[in-house]
Amino acid sequence: DTGVSQDPRHKITKRGQNVTFRCDPISEHNRLYWYRQTLGQGPEFLTYFQNEAQLEKSRLLSDRFSAERPKGSFSTLEIQRTEQGDSAMYLCASRLTAGTEDYEQYFGPGTRLTVT
Amino acid sequence: DAKTTQPPSMDCAEGRAANLPCNHSTISGNEYVYWYRQIHSQGPQYIIHGLKNNETNEMASLIITEDRKSSTLILPHATLRDTAVYYCIVRELNSGYALNFGKGTSLLVTP
């Protein structure tokens, strides 16, 4: 257990439905990242937050995807009008940035989404 | 970030050293080499990172060639629990950006 939790762990939904995932980072970590991982591939970056500010979004993050991190604590990732191609593992990671020190990212267990 | 090249898969006998290579010929002077691994159905886990000197921690050793164009992650006494996908990543220290994982090397440790 890394201290990063994600909920739910598994989600099965029908095409066209909306889904929302939650990530609770390690409490003192100011950076939070979302990644997506499809079968046989490494995780791919989606977006990241510095506290409550969303600083970067990948081209993978289509208009159907939205992420928030209110108050700089937990984060949610919502996918609207899901498509079968959205089926993947969605990973959350958090990290502390402080001065010149470099700290690694801690990953949660992921949410596996299956769109039928 | 510089690109990395890793073999897609490797085998290692339990108790033996696992040596996982990584090529990063376009690495720049301020980029570090990081290693993460991902055990099946879990999120990636940080292992080690280094700039140019060899590094060792409780999990592994990292050997970086003098020209920094390649490196080797060494698991000195592999166990069955080390079976995982290992990712070699090159990036700047304190880069706020996300990790660029690639496909990694799938290591199978056999009894």
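Chains as they are written, first to last, in this note's numbering: chain R, 1 to 116; chain B, 1 to 111.
Virtual Cβ for every residue (Gly too), placed ideally from N, Cα, C.
Listing by chain order, which chain R residues have their CB less than 9 Å from the CB of residue i?
| i | result |
| --- | --- |
| residue 3 of chain B | None at all; the shortest Cβ gap to chain R is about 13 Å. |
Residue i by DSSP, collapsed to three states: which one?
| i | result |
| --- | --- |
| residue 21 of chain B | strand |
| residue 104 of chain B | coil |
| residue 50 of chain B | strand |
| residue 17 of chain R | coil |
| residue 80 of chain B | helix |
| residue 84 of chain R | helix |
| residue 57 of chain R | strand |
| residue 11 of chain R | strand |
Is any beta-carbon of chain B found at less than 7 Å from that of residue i?
| i | result |
| --- | --- |
| residue 104 of chain R | yes |
| residue 33 of chain R | yes |
| residue 91 of chain R | yes |
| residue 107 of chain R | yes |
Residue i CB to nearest chain R CB: under 7 Å?
| i | result |
| --- | --- |
| residue 44 of chain B | yes |
For a contact defined as C-beta to C-beta under 7 Å, what are the partners of residue i on chain B?
| i | result |
| --- | --- |
| residue 43 of chain R | 44 and 101 |
| residue 110 of chain R | 43 |
List the whole-angstrom C-beta distance separating residue i from residue j, where the pair is believed to meet the contact cut-off of C-beta under 8 Å.
| i | j | result |
| --- | --- | --- |
| residue 62 of chain B | residue 32 of chain B | That belief does not hold up - the Cβ atoms of residue 62 of chain B and residue 32 of chain B are roughly 10 Å apart, past 8 Å. |
Residues of the segment 57–91 of chain B whose Cβ lies closer than 7 Å to any Cβ of chain R, in chain order: Correct list: 87.
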